[in-house]
Amino acid sequence: MKTADLILLLLLTSLLFVHCQSATNTPEEKQPNITSRQKKNVLSDEWILIWKDEFEVFDTSKWTKVNALGGVNNEQQLHYPQNVYIDKGMLVIEARKQDEFGTHYASGKITSRNKFSLKYGKVELRLKTAATSGTQTVFWLLHDACDGVNPCIGNWPPEIDVVEVLGKEANKIYQVIHYSTSPKGRWPDWDFSSTATELSTSSSPSSTFHTYTLEWDTNSVRWYIDQQLTKTWIANNQSSFSPDESMFLIFNIAIGGDWAGSPTENSIWPQRAYLDWVRVYRKNHTDQPQPVKDSSSIFYIQNVATAYYLTANGLANGEVSLVQAALGNNWINQKWRINQIEEEWFTLHPAFKDSLAVTFSSQNELPIFLSPYRNLDRQKWKIVEQEEGKVHFVAKPLSNMMLSASKHENWSSITLQDSEDTMSSWLLEPITTLERTN
Numbered sequence: 033m034k035t036a037d038l039i040l041l042l043l044l045t046s047l048l049f050v051h052c053q054s055a056t057n058t059p060e061e062k063q064p065n066i067t068s069r070q071k072k073n074v075l076s077d078e079w080i081l082i083w084k085d086e087f088e089v090f091d092t093s094k095w096t097k098v099n100a101l102g103g104v105n106n107e108q109q110l111h112y113p114q115n116v117y118i119d120k121g122m123l124v125i126e127a128r129k130q131d132e133f134g135t136h137y138a139s140g141k142i143t144s145r146n147k148f149s150l151k152y153g154k155v156e157l158r159l160k161t162a163a164t165s166g167t168q169t170v171f172w173l174l175h176d177a178c179d180g181v182n183p184c185i186g187n188w189p190p191e192i193d194v195v196e197v198l199g200k201e202a203n204k205i206y207q208v209i210h211y212s213t214s215p216k217g218r219w220p221d222w223d224f225s226s227t228a229t230e231l232s233t234s235s236s237p238s239s240t241f242h243t244y245t246l247e248w249d250t251n252s253v254r255w256y257i258d259q260q261l262t263k264t265w266i267a268n269n270q271s272s273f274s275p276d277e278s279m280f281l282i283f284n285i286a287i288g289g290d291w292a293g294s295p296t297e298n299s300i301w302p303q304r305a306y307l308d309w310v311r312v313y314r315k316n317h318t319d320q321p322q323p324v325k326d327s328s329s330i331f332y333i334q335n336v337a338t339a340y341y342l343t344a345n346g347l348a349n350g351e352v353s354l355v356q357a358a359l360g361n362n363w364i365n366q367k368w369r370i371n372q373i374e375e376e377w378f379t380l381h382p383a384f385k386d387s388l389a390v391t392f393s394s395q396n397e398l399p400i401f402l403s404p405y406r407n408l409d410r411q412k413w414k415i416v417e418q419e420e421g422k423v424h425f426v427a428k429p430l431s432n433m434m435l436s437a438s439k440h441e442n443w444s445s446i447t448l449q450d451s452e453d454t455m456s457s458w459l460l461e462p463i464t465t466l467e468r469t470n
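Printed below as a string of structure tokens:
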């Protein structure tokens, strides 16, 4: 074969190969690129999107523009509907100096009251805040019985602040919960828990957009900044109680007030906050326990060192609870069903809620939770018997880690301990006479 013919044959073979490869691309390879906004709408198995606003227009079926004076915390602004508007697919609140109706400042506030509320779930939003002395940009949840404008002492708390930024501390992001210190308690039976996360000046909440996430369930609240966990709050159901009433959404810039402080002569006006989108999810409740070999044995589980019983912390309904140890008096939340799921592995379920099992956080090995029956390896425990009837519960993914209880006067927090001391030793007391447990 001549050299020229050989080269031509090689070229034709190469072209045919490329054509065949193109024709056999998988559907995934041929999919167009997905934009970041489209990716946000892809739902996970754990969460289901139930409400959203992308702010292409101002949707009056979802929000109300407040038209009123500040009303609470000695704030100095007028809430002015004209200071809330849509610009390039974002909701903008503008705060400025404006002498009107006896005030020197005007700002804006929107609420979803009487249009959308949630009880438990995930709230996520993308936001860039205002930043000058005397301002307070906040996206928050408030109990439905309040209006978000006037003092609401008789029906407050609960309140959860997803993100709160003070102009005088423009690099800090506050995440706060105001909770009851008695069941269904209102002011003055309340307290709060707050965390401040400080960012660099170049990535401050007023210089760039960040995504803020709140996860609220029956016994805990978690906050995230750009998908990074920044705060976890857990009710102990003794002096702190997780909100269990529906709440609506609020977004506003406050001016002045007890926390933000008054504007100064150096304050810069106008100030604007930009809300790109808001999305709300609920938990997917389709998860069911897998079949088990034996679910007939129910025990009290008592820690050898503290003499406290393993408890689900009074949880009667819901999805997540902190697992603790407490003094026992045959409480139903201290009865545990031990299910054998493999030859040497078990799950620990509260007797009244078999769809929940003892697990531990993926952020670290603490704390121990009672959570939906999923991520099964983190809910598998080996029961290793020691002398005198003592047993150790060994975690499946971390075979050197055992369920342990720390000493406390009234409660013991449950952790994973990497040594075989008495704090990791438990006694199983079979319950021979079973009352109805659900």
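Each residue of the sequence shown is one higher than the one before, counting from 33 in this note's numbering. Here a beta-carbon is modelled for each residue, glycine too, at the ideal position from N, C-alpha and C. None of these values were measured; they are calculated from a predicted model.
A residue is called buried once 16 or more other Cβ atoms fall within 10 Å of its Cβ, and Lys439, having fewer, is exposed. Between Glu461 and Met434, the gap from beta carbon to beta carbon reaches 9 Å or more. Excluding residues up to 5 positions away in sequence, Ala163, Ala202 and Asn203 lie with their Cβ nearer than 8 Å to the Cβ of Ser236 in the same chain.
For Gln418, same chain residues with a beta-carbon under 7 Å away, outside a window of 5 residues either side, are His424 and Ser457 in chain order. Ranking Val181, Met455, Asn106 and Glu78 by CA distance to the CA of Asn335 puts Met455 first.
Counting only residues of its own chain and dropping the five nearest sequence neighbours on each side, Asn284 has a CB closer than 6 Å to the CB of Lys141.
Rounded to whole angstroms, Val116 and Tyr306 show a C-alpha spacing of 10 Å.
Secondary-structure assignment with DSSP links Glu375 through no beta bridge to anything. For Glu156, the uninterrupted beta strand (DSSP E) run begins and ends at Gly153 to Lys160, by DSSP.
Counting the other CB atoms within 10 Å of its CB gives Gly134 a total below 16, which places it among the exposed residues.
Around the Cβ of Asp290, a 10 Å sphere holds fewer than 16 other Cβ atoms; the residue is exposed.
The DSSP-derived three-state label of Thr454 is helix.
Spanning the alpha carbons of Ser214 and Pro190 requires a straight line of approximately 12 Å.
Taking C-beta atoms as the reference points, Arg158 and Tyr256 fail to come closer than 9 Å. Taking Lys151 as the centre and dropping the five residues before and after it, the same chain places the C-beta of Asp276, Glu277, Ser278 and Met279 closer than 8 Å to its C-beta, in chain order. Apart from the 5 residues on each side of it in sequence, Trp248 sits with its Cβ closer than 6 Å to the Cβ of Tyr152 in its chain, given in chain order.
Counting only unbroken stretches of 3 or more residues, the beta strand (DSSP E) elements lying wholly within the stretch 174-258 are 191-198, 204-212, 222-230, 242-248 and 252-257, in sequence order. Across the structure, Asp308 and Thr143 are spaced so that their CA atoms are roughly 16 Å apart. Each of Arg145, Ala344, Gln130 and Lys367 was checked against the Cα of Phe401, and the nearest Cα belongs to Ala344. Between Ile80 and Asn316, the C-beta gap is smaller than 9 Å, which places the two residues in contact. Bounds of the beta strand (DSSP E) holding Lys129 are Met122 to Glu132. Shown here, Pro113 sits in a helix according to DSSP, grouped into three states.
The alpha-carbon of Gly180 is positioned some 45 Å away from that of Arg369. Looking at Leu281, Ser212 and Ala138, the one whose alpha-carbon comes closest to that of Lys94 is Leu281. Looking at the DSSP output, Ser294 sits in no beta bridge, so it has no partner there.
Ser271 counts as exposed, since fewer than 16 other beta carbons sit within 10 angstroms of its beta carbon.
Bridge pairing for Val310: Asp85 and Leu157 [DSSP]. Annotated as distal: Ala427 and Phe378, with beta-carbon spacing of 9 Å or more.
If you draw a 10 Å sphere on the C-beta of Gly421, you find fewer than 16 other C-beta atoms in it, and that means exposed.
Counting only the Cα atoms, Glu376 lies some 45 Å from Asp223. Around Asn182, the same chain offers Gly103 as residues with beta carbons nearer than 6 Å, after the five sequence neighbours per side are excluded. By the CB criterion at 9 Å, Ser226 and Val208 fall inside the cutoff. Taking the CA atoms as reference points, Asn105 sits about 55 Å from Ile373. In the structure shown, Gly288 adopts extended strand secondary structure according to DSSP, grouped into three states. Collapsing the DSSP output to three states places Leu408 in a helix. Lys367 counts as buried, since no fewer than 16 other beta carbons sit within 10 angstroms of its beta carbon.
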